[in-house]
Structures are given as structure tokens and as C-alpha cells.
Amino acid sequence: MSRAAATAVTSVSLDGVGHYVAMEAPDELAKAVLQFVGDVDAGR
């Protein structure tokens, strides 16, 4: 659905994590955010 409005969409799914991502999986969240920021910096 989101790709109907934008073409450059990033989605991350963390298995076993609910609504409190930062509390339930802080390391996985940090890794995903750093990957996203790195991709944006690289122009991807």
C-alpha cells in the first residue's frame, strides 16, 4: 500500500516484537535505524 504513494519505502519487521520496539528489541532497532541512516547518507 505504501508503495502506491512513494517508490523509495523501507520497511523492517522484527519477529516477536510488539508495539514497544525500543523496549523489546533495542539492539535490533538501533541496527535497523543505523542501516537506514547509512543508506540515506549513501544516496540509496
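Positions in the sequence shown are counted from 1; adding 7 to them yields the numbering used here. Cβ atoms here follow ideal geometry from the backbone N, Cα and C, with glycine treated the same way. Small disclaimer: the values here were computed from a predicted structure and weren't measured.
Top-ranked residue by Cα proximity to residue i, from the options
| i | options | result |
| --- | --- | --- |
| residue 20 | 14, 32, 13 | 32 |
Residue range of the unbroken alpha helix (DSSP H) whose run includes residue i
| i | result |
| --- | --- |
| residue 23 | Looking at the DSSP string, residue 23 is not in any alpha helix (DSSP H), and its letter there is neither H nor E. |
| residue 44 | 33–48 |
Inter-residue CB distance, residue i and residue j (contact presumed, cutoff 8 angstroms)
| i | j | result |
| --- | --- | --- |
| residue 14 | residue 43 | The pair is not a contact, with the Cβ atoms about 16 angstroms apart (cut-off 8 angstroms). |
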